[in-house]
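Below is one structure; the comments refer to it alone.
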Amino acid sequence: MMTTNSVLYAAVIVYFITSIAAHAQIVPDATLPTQSVVTPDQERINITGGTQTGANLFHSFTKFSVRAGESVYFDNPRTVENIIMRVTGRDISNIDGLIRAAGNINLYLLNPNGINFGKNAALDINGSLFASTATLIFPDGMFNAIDTTSPLLSVSAPIGIQWGNAQGDIQLSTTNLLFRDVKLVGNNITVTGSFTTTGNLNLAARTINLDAAVINLTHASNASFQADVISISNGSQVISSAITQDGSNITIKSNHKFIMKGETTGLFSDTAPGSKFNGGNISIQAPTIEIKDKAKVNISNQGSGNSGNLQLFTDNLNIKGGTLSAKTAAEGGNISVLASELLLLGNNGTISTLSRGQGNGGNINVQAGFVLVNPNENNDITTSTTQGYGGRIKISSNAIFGLEIRPSLTPRSDISVTSPFKSYKNYRHSGNINLDTLNIDPNQGVNQLPISVLNVSKQINQTCSNQVITNRFTIIGRGGLPLTPSEALNRNSGWIDWRLINRQEHQEATLVEHQIVEATRWEVENGEVILVAAPDVPSQNEYDASECLATVQKV
98 MMTTNSVLYA AVIVYFITSI AAHAQIVPDA TLPTQSVVTP DQERINITGG
148 TQTGANLFHS FTKFSVRAGE SVYFDNPRTV ENIIMRVTGR DISNIDGLIR
198 AAGNINLYLL NPNGINFGKN AALDINGSLF ASTATLIFPD GMFNAIDTTS
248 PLLSVSAPIG IQWGNAQGDI QLSTTNLLFR DVKLVGNNIT VTGSFTTTGN
298 LNLAARTINL DAAVINLTHA SNASFQADVI SISNGSQVIS SAITQDGSNI
348 TIKSNHKFIM KGETTGLFSD TAPGSKFNGG NISIQAPTIE IKDKAKVNIS
398 NQGSGNSGNL QLFTDNLNIK GGTLSAKTAA EGGNISVLAS ELLLLGNNGT
448 ISTLSRGQGN GGNINVQAGF VLVNPNENND ITTSTTQGYG GRIKISSNAI
498 FGLEIRPSLT PRSDISVTSP FKSYKNYRHS GNINLDTLNI DPNQGVNQLP
548 ISVLNVSKQI NQTCSNQVIT NRFTIIGRGG LPLTPSEALN RNSGWIDWRL
598 INRQEHQEAT LVEHQIVEAT RWEVENGEVI LVAAPDVPSQ NEYDASECLA
648 TVQKV
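Mapped onto this note's numbering, the consecutive letters of the sequence shown carry residue numbers 98 to 652.
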């Protein structure tokens with residue numbers, strides 16, 4: 098039978114083990130002059146200590162994770178502006194609880210193994226969050242989690258990052274996580290949850306994947322996505338809202354490919370009804386851009402401020418069932434597309450602007466190497482207004498295939514401008530369409546060859562050294578040429594009667610006439626080309642036998 102003392106002893110052991118387990122999620126190392134101190138207090142973990150240099154406070158851990166229901170509190174001196182912590186072990190940092198810090202603190206988390214923000218992750222800091230699997234660069238050196246022997250503890254603020262040989266991934270499966278300013282830098286960044294930023298958002302990686310993600314941008318913040326490959330799919334949305342301030346700008350930069358697909362998937366810059374503020378701009382830059390399967394890039398302004406503008410810079414733009422649109426009740430809402438090689442529209446692909454209020458219609462400017470459109474799939478480039486002046490459509494391209502200018506939209510593929518100003522008197526206000534394509538005349542620069550036959554008996558005969566067995570023979574003609582003098586022409590070619598010239602026998606090394614050889618030059622007289630042979634040569638020694646080698650050329 099267990100005594101009372103035994104029960105109490107067991108309870109103490111359980112509590113101690115539980116505390117150790119919680120404490121084991123955050124384990125300081127001994128790589129800094131002043132180590133971090135981790136103190137568990139039930140569900141709260143207090144972190145003190147660390148090494149302070151100027152306004153920077155450095156922490157170093159072998160493990161750093163926050164479980165669901167836990168909170169981590171950094172009790173830092175008031176003179177600290179930046180808390181910079183690194184993970185030197187081999188474990189991923191799983192953040193599924195609350196991280197808090199006193200004052201206006203910027204928080205830096207470095208873990209080359211990877212960082213996961215779970216659905217319960219939360220932040221209570223008044224500064225910015227910087228989470229990265231790379232090395233942090235200061236003006237006077239680096240602070241990283243791989244080489245812990247570096248003596249650097251800089252007093253300056255970090256200025257950049259440096260990639261190592263192998264970087265971990267960053268994943269966000271958060272639910273309504275609120276950031277102020279946030280910058281995430283990793284090998285691959287995957288967002289499957291939702292979060293809101295009231296400041297700037299910067300994602301930088303080799304690949305960025307938004308899968309069923311929702312990112313809300315407020316308070317005139319800006320969003321930047323930069324990677325080799327960027328994919329937005331499965332209903333993911335990046336939304337810039339202008340309500341009490343100007344809208345946020347969304348910038349996409351991909352080194353290889355940007356792809357967006359799926360119904361309700363999109364990039365949106367919205368201005369709320371009644372708002373007097375301007376909408377944000379959307380800019381996409383990538384060698385290849387694909388907008389497919391009902392995905393949208395949309396500028397929308399229902400207030401009185403100016404709409405944002407939409408710009409795409411690419412080599413190849415493929416809009417297959419996707420939409421580029423700008424809808425506004427005020428001014429702005431222009432769309433600019435620069436596709437140096439190809440613009441491809443298919444499966445109800447659309448580029449359009451619409452003004453429902455008194456504002457003028459937005460303009461569409463397309464510059465593309467070629468514009469290729471399926472004429473039977475209802476692909477449209479259109480601008481329309483209900484009250485204001487019509488917008489303008491300008492397409493500059495080497496050639497446009499599959500699009501036709503029509504006064505209104507049809508089930509086919511159209512270029513159309515719609516405006517209430519229809520009369521000739523107001524034609525300047527009704528909008529216009531300008532197609533600038535190459536004007537090629539196939540007859541330009543073509544010269545008619547003469548039909549009459551010249552007497553060439555004394556114009557193309559040239560003697561060669563009798564010590565040379567073979568000659569060089571060049572064929573110049575019209576209507577088809579054989580590869581060799583003995584080869585027959587095809588049936589569509591003109592007929593040429595090559596006569597055999599008997600070869601004379603010579604006993605002495607004297608100059609004799611041989612088979613017909615090429616002319617040495619031609620002359621142009623009155624628009625006619627005349628072949629001219631070389632002058633008679635008085636001596637065999639004055640010939641270069643290499644000029645009479647037997648070759649056949651087709652010109």
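Backbone N, C-alpha and C fix where the C-beta goes; we use that ideal spot for every residue, glycine too.
| Check | Outcome |
| --- | --- |
| Let's test the definition: count the other Cβ atoms within 10 Å of the Cβ of Phe498 and tell me whether it reaches 16, buried, or not, exposed. | exposed |
| Which residues in the same chain as Asp325 place their Cβ atom closer than 6 Å to its Cβ, once the five residues preceding and following it in sequence are excluded? | Arg303, Asn352, His353 |
| For a test of the three-state rule: what should DSSP assign to Asp193, helix, strand or coil? | coil |
| So what's Ala301 in DSSP terms, helix, strand or just coil? | strand |
| Give the straight-line distance between the Cα atoms of Ser338 and Ser330, rounded to the nearest whole angstrom. | 21 Å |
| Which residue comes first and which comes last in the beta strand (DSSP E) that contains Pro384? | Run containing Pro384: none; DSSP gives neither H nor E here. |
| Starting from Tyr205, follow its DSSP beta bridges and name the residues at the other end. | Ile181, Phe227 |
| With a 10 Å radius around its C-beta and 16 neighbouring C-beta atoms as the bar for buried, classify Ile123 as buried or exposed. | buried |
| Please classify Pro209 as buried or exposed, where buried requires at least 16 other C-beta atoms within 10 Å of its C-beta. | buried |
| CB of His156 to nearest heavy atom of the ligand NAD: below 8 Å? | Among the ligands in the structure shown, none appear at all, so the ligand NAD cannot be discussed. |
| Name, in chain order, the residues that DSSP records as bridge partners for Asp308. | Ser330 |
| Short of 6 Å in beta carbon distance, which residues of its chain neighbour Tyr205, apart from the five on each side in sequence? Order them along the chain. | Ile181, Phe227 |
| Can you round the beta-carbon distance between Leu439 and Leu409 to whole angstroms, since I take them to be within the 8 Å contact cut? | At roughly 13 Å, the Cβ-Cβ gap does not stay under 8 Å, so Leu439 and Leu409 are not in contact. |
| By Cβ distance below 6 Å, which residues in the same chain neighbour Ile388 in space, the five residues on each side in sequence not counted? | Met357, Ile416, Gly419 |
| Does chain D have any CB closer than 9 Å to the CB of Lys491? | No chain D appears in the structure shown, which is made up of a single protein chain. |
| How many whole angstroms separate the CB atoms of Asn445 and Asn475, which I take to be in contact at a CB cut-off of 8 Å? | 5 Å |
| Looking at Leu407 and Ile386, is the spacing between their C-beta atoms short of 9 Å? | no |
| If we call anything under 9 Å between Cβ atoms a contact, is Ser404 one with Ser366? | yes |
| From Asp126 to Ser321, what distance separates their C-alpha atoms? | 35 Å |
| Looking only at its own chain, which residues have a Cβ that is under 6 Å from the Cβ of Glu167, when we skip the five neighbours before and after it? | Glu140, Gly194 |
| Which of the three DSSP states is assigned to His316 in this structure? | coil |
| Under the rule that 16 or more other beta-carbon atoms within 10 Å means buried, what is Asp511, buried or exposed? | buried |
| Can you give me the C-alpha to C-alpha distance between Ala426 and Phe467, rounded to a whole angstrom? | 33 Å |
| Is it right to say Leu300 is buried, meaning 16 or more other beta carbons lie within 10 angstroms of its own, or is it exposed? | buried |
| How many angstroms separate the CA atom of Gly344 from the CA atom of Pro130? | 46 Å |
| Would Gln399 and Ala369 be called neighbours here (beta carbons separated by less than 9 Å)? | yes |
| When you compare each of Leu500, Ser494, Pro504 to Thr534 by their alpha carbons, which one comes out closest? | Ser494 |
| Are the Cβ atoms of Thr362 and Ala392 separated by less than 9 Å? | yes |
| Going by the DSSP bridge assignment, what does Glu501 pair with across the sheet? | Asp511 |
| If you follow the beta strand (DSSP E) that Thr68 is part of, which residue opens it and which one closes it? | Here the chain has residues from 98 to 652 only, and residue 68 is not among them. |
| Do Gly283 and Ile189 have their CB atoms nearer than 9 Å? | no |
| Is Gln122 helix, strand or coil when you go by DSSP? | coil |
| Return the chain-ordered list of same chain residues with a C-beta closer than 7 Å to the C-beta of Leu532, the five sequence neighbours on each side being excluded. | Ile492, Ile497 |
| So for Gln455, helix, strand or coil by DSSP? | coil |
| In chain order, what residues of the same chain lie with their CB nearer than 6 Å to the CB of Asn319, ignoring the 5 residues before and after it? | Asn297, Ser345, Asn346 |
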